[in-house]
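Engineer:
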Amino acid sequence: MEKKVRPPAVAGTFYEGTKKALLKQIEDCYTHPVGPGKLPTLSSKKEGKIIGLVSPHAGYLYSGPVAAWGFYQVVGEEIPEVVVILGPNHRGFGAPVAIAGKGRWQTPLGESQIEEELAEKIIELSPLIREDKKAHQREHSLEVQLPFLQYSYGERFKIVPICMMQQ
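Residue numbers for the sequence shown, in this note's numbering: 147 to 313.
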């Protein structure tokens, strides 16, 4: 059985809607005067000192260069196997704390596979978290993180998206 793909909800509004335009927009965020001023390069070091990142989730026009700072630092570390993405639920749909546990998420830069085993384990161990794709359908807070990750890592990482009304 083929896994479901979550299509982008905010491509073309919060960030550019085509691959070519989005690549340019991300590069502009990195080279912007408010951003790091240069493009990131993948590191060959295996230190893994960064274990988390707080990143804005507005449209790239408003917060992209600020978000670029965080991703610039992360890209200097080893490529993560899994990225757990936590974000607020602005729409109020779905479970109070909702995980997208299966399938892939798509942006103009490609698809990111959900790490299903980890998602299942989180659901199993937490009485608060439920699998609920409805909470993620139109929510932007997690989706806007993906193009920055895909820009540097392509499809070499998996995700666990968790959307929260209760914070």
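Positions of the beta carbon are idealized from the N, C-alpha and C atoms, including for glycine.
Tell me whether the beta-carbon of V290 lies closer than 8 Å to the beta-carbon of V228.
Structural biologist: Not in contact: V290 and V228 (Cβ atoms no closer than 8 Å).
Engineer: Can you list, in chain order, the residues of its chain with a C-beta nearer than 7 Å to that of Q296? Leave out the 5 residues immediately preceding and following it.
Structural biologist: Excluding residues within five positions, the ones whose Cβ falls inside 7 Å are T253, L255, G256 and S258.
Engineer: Starting from P293 and walking both ways along the alpha helix (DSSP H), at which residues does that stretch end?
Structural biologist: Element bounds for P293: L292 to Y299.
Engineer: Can you give the Cα-Cα distance for N235 and P179, rounded to whole angstroms?
Structural biologist: Taking the straight line joining both Cα atoms gives about 31 Å.
Engineer: Can you tell me which of C309, Q312 and E285 puts its alpha carbon nearest to the alpha carbon of A155?
Structural biologist: Per the Cα distances, E285.
Engineer: Starting from the C-beta of F303, find all residues in its chain whose C-beta is less than 8 Å away, skip the five residues before and the five after it, and write them out in chain order.
Structural biologist: Contacts found: I225, P226, E227, V228, V229, S258 and L295.
Engineer: CB-CB under 7 Å to I172, same chain, minus the five flanking residues each way: which ones, in chain order?
Structural biologist: Once the five neighbours on either side are set aside, the close Cβ partners of I172 are P293, F294 and Y297.
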